[in-house]
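Chains as they are written, first to last, in this note's numbering: chain A, 1 to 10; chain B, 11 to 222.
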């Protein structure tokens, strides 16, 4: 989902 | 991954290495706020809870382990290592940092992207990181002069989130639907808190003196 995109950052 | 985010991560890594270098080699934490280090340990502990549940890349997992390991070992060094603890300025490092934790937790419960346990704690870590530097900046003003390593540590720590802002701008223009107001505002507040430090830090380069 779009939110998972954020979680690729530290 | 883009050049801004890579530069940001490397700057963050450099800040941690500079601090570990100072503490491990010269066994000194003079001018370093234990309270800021404790807040950062909480920031990483609550931000990387998904380290075992969601795999993004080897790089991502490796860096998370580095930041978790270094932040907790720095706190351990400053609290329990005799030689290092002796150089800790307890009388001056008095910012009530626990007063920062609760408001950040309440704010995360009110403003978040998804109301799930992991997401709320992750949002909490963003808010807490934004203010985690305050004890260090207060200590800085009290201890007047600081050594170069501590100055470089703070400079790199402040710079990394600034580079992340460039990364967010880049991703906003290159990736559809990449909008994360919470992350952006927290990151902006965090970087702005360093504004006056950056000012004096650059004066130092111009004046060639220690950080006053």
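Positions of the beta carbon are idealized from the N, C-alpha and C atoms, including for glycine.
**Prompt:** Skipping 5 residues on each side, what residues in its chain have a beta carbon closer than 6 Å to that of residue 114 of chain B?
**Reply:** Here residue 114 of chain B refers to the residue found at position 104 of the second chain. Only 134, 137 and 138 meet the Cβ criterion.
**Request:** Run the CB neighbour count on residue 32 of chain B, radius 10 Å, all protein chains shown included, and call it buried at 16 or more, exposed below.
**Result:** If you number the second chain from 1, residue 32 of chain B lands on position 22. With 16 or more other Cβ atoms within 10 Å, it is buried.
**Message:** Are the CB atoms of residue 78 of chain B and residue 142 of chain B within a distance shorter than 8 Å?
**Reply:** The sequence position of residue 142 of chain B within the second chain is 132, counting from 1. The sequence position of residue 78 of chain B within the second chain is 68, counting from 1. Cβ distance not < 8 Å, so residue 142 of chain B and residue 78 of chain B don't count as in contact.
**Asked** Is the CB-CB distance between residue 14 of chain B and residue 213 of chain B below 8 Å?
**Response** Residue 14 of chain B sits at position 4 when you count from the first residue of the second chain. Residue 213 of chain B sits at position 203 when you count from the first residue of the second chain. For residue 14 of chain B and residue 213 of chain B, no; Cβs fall outside 8 Å.
**Prompt:** When burial is assigned at 16 or more other CB atoms within 10 Å of the CB, is residue 154 of chain B buried or exposed?
**Reply:** Mapped onto the second chain, residue 154 of chain B falls at position 144. With fewer than 16 Cβ atoms within 10 Å of its Cβ, residue 154 of chain B is classed as exposed.
**Prompt:** Whose C-alpha, out of B:201, B:195 and B:194, is nearest the C-alpha of residue 164 of chain B?
**Reply:** Residue mapping note: residue 164 of chain B aligns to position 154 of the second chain, counting from 1. Closest option to residue 164 of chain B, Cα to Cα, is B:201.
**Asked** Taking Cβ positions, are residue 88 of chain B and residue 44 of chain B nearer each other than 8 Å?
**Response** Counted from its first residue, the second chain places residue 88 of chain B at position 78. Counted from its first residue, the second chain places residue 44 of chain B at position 34. For residue 88 of chain B and residue 44 of chain B, yes; Cβs fall inside 8 Å.
**Asked** Are the region 106 to 126 of chain B and the region 60 to 75 of chain B touching by the rule of at least three beta carbon pairs closer than 8 Å?
**Response** Taking 8 Å as the limit for Cβ pairs, the verdict is that the region 60 to 75 of chain B does not touch the region 106 to 126 of chain B.
**Request:** Note down the Cα distance separating residue 151 of chain B from residue 205 of chain B, rounded to an integer number of angstroms.
**Result:** Your numbering for residue 151 of chain B matches position 141 in the second chain. Your numbering for residue 205 of chain B matches position 195 in the second chain. Approximately 14 Å, taken between the alpha carbons.
**Request:** Pick out whichever of B:91, B:56, B:129 and B:41 has its Cα sitting closest to the Cα of residue 104 of chain B.
**Result:** Taking the second chain and counting its residues from 1, the one referred to as residue 104 of chain B is at position 94. The residue with the shortest Cα to Cα distance from residue 104 of chain B is B:41.
**Item:** Nearest to residue 176 of chain B (by Cα), restricted to the options B:145, B:156 and B:198
**Value:** Position 166 of the second chain, counted from the start, is the residue given in the question as residue 176 of chain B. Among B:145, B:156 and B:198, the Cα nearest to that of residue 176 of chain B is on B:198.
**Asked** In whole angstroms, what separates the C-alpha of residue 131 of chain B from that of residue 184 of chain B?
**Response** Here residue 131 of chain B is taken as the residue at index 121 of the second chain, counted from 1. Here residue 184 of chain B is taken as the residue at index 174 of the second chain, counted from 1. Looking at the two C-alpha atoms, the distance is approximately 28 Å.
**Message:** Using a Cβ-Cβ distance cut-off of 8 Å, determine whether residue 70 of chain B contacts chain A.
**Reply:** If you number the second chain from 1, residue 70 of chain B lands on position 60. Residue 70 of chain B counts as touching chain A.
**Message:** Whole angstroms are fine: how far does the CA of residue 92 of chain B sit from the CA of residue 123 of chain B?
**Reply:** Numbered from 1 along the second chain, position 113 holds the residue referred to as residue 123 of chain B. Numbered from 1 along the second chain, position 82 holds the residue referred to as residue 92 of chain B. If I take the Cα positions, the gap works out to 44 Å.
**Message:** For a test of the three-state rule: what should DSSP assign to residue 32 of chain B, helix, strand or coil?
**Reply:** As a position in the second chain, residue 32 of chain B is number 22, starting the count at 1. Helix, per DSSP.
**Message:** Let's test the definition: count the other Cβ atoms within 10 Å of the Cβ of residue 75 of chain B and tell me whether it reaches 16, buried, or not, exposed.
**Reply:** Translated into positions along the second chain, residue 75 of chain B becomes position 65. It is exposed - the Cβ of residue 75 of chain B has fewer than 16 other Cβ atoms within 10 Å.
**Closest by C-alpha distance to residue 38 of chain B, when choosing among B:58, B:207 and B:84** = As a first step, residue 38 of chain B must be located in the second chain, where it is residue number 28. If we check each option's Cα against that of residue 38 of chain B, B:84 comes out closest.
**Request:** Determine the DSSP secondary structure at residue 2 of chain A, reduced to helix, strand or coil.
**Result:** Mapped onto the first chain, residue 2 of chain A falls at position 2. Annotation note: pLDDT 45 at residue 2 of chain A (below 50); position unreliable, coordinate value reported separately. Helix, per DSSP.
**Message:** Against chain A, does residue 28 of chain B count as a neighbour if the rule is that its beta carbon must be under 8 Å from one of theirs?
**Reply:** Here the question's residue 28 of chain B lines up with position 18 in the second chain. Chain A contact via Cβ: absent.
**Prompt:** Of the residues that make up the region 82 to 109 of chain B, which ones have a beta carbon closer than 7 Å to any beta carbon in chain A?
**Reply:** Within the region 82 to 109 of chain B, no residue has a Cβ lying closer than 7 Å to any Cβ of chain A.
**Item:** The alpha helix (DSSP H) enclosing residue 100 of chain B, as first and last residue numbers
**Value:** What you label residue 100 of chain B is simply residue 90 of the second chain in a count that begins at 1. Here residue 100 of chain B belongs to no alpha helix (DSSP H), and DSSP marks it neither H nor E.
**Message:** Check whether chain A comes within 8 Å of residue 130 of chain B, counting only Cβ atoms and requiring the distance to be less than that.
**Reply:** In the second chain, the residue the question calls residue 130 of chain B occupies position 120. Not a single CB atom of chain A sits nearer than 8 Å to the CB of residue 130 of chain B.
**Candidates B:24, B:196, B:36 and B:16: closest to residue 157 of chain B by CA position** = To locate residue 157 of chain B, count along the second chain from 1; it is residue 147. Answer by Cα proximity: B:36.
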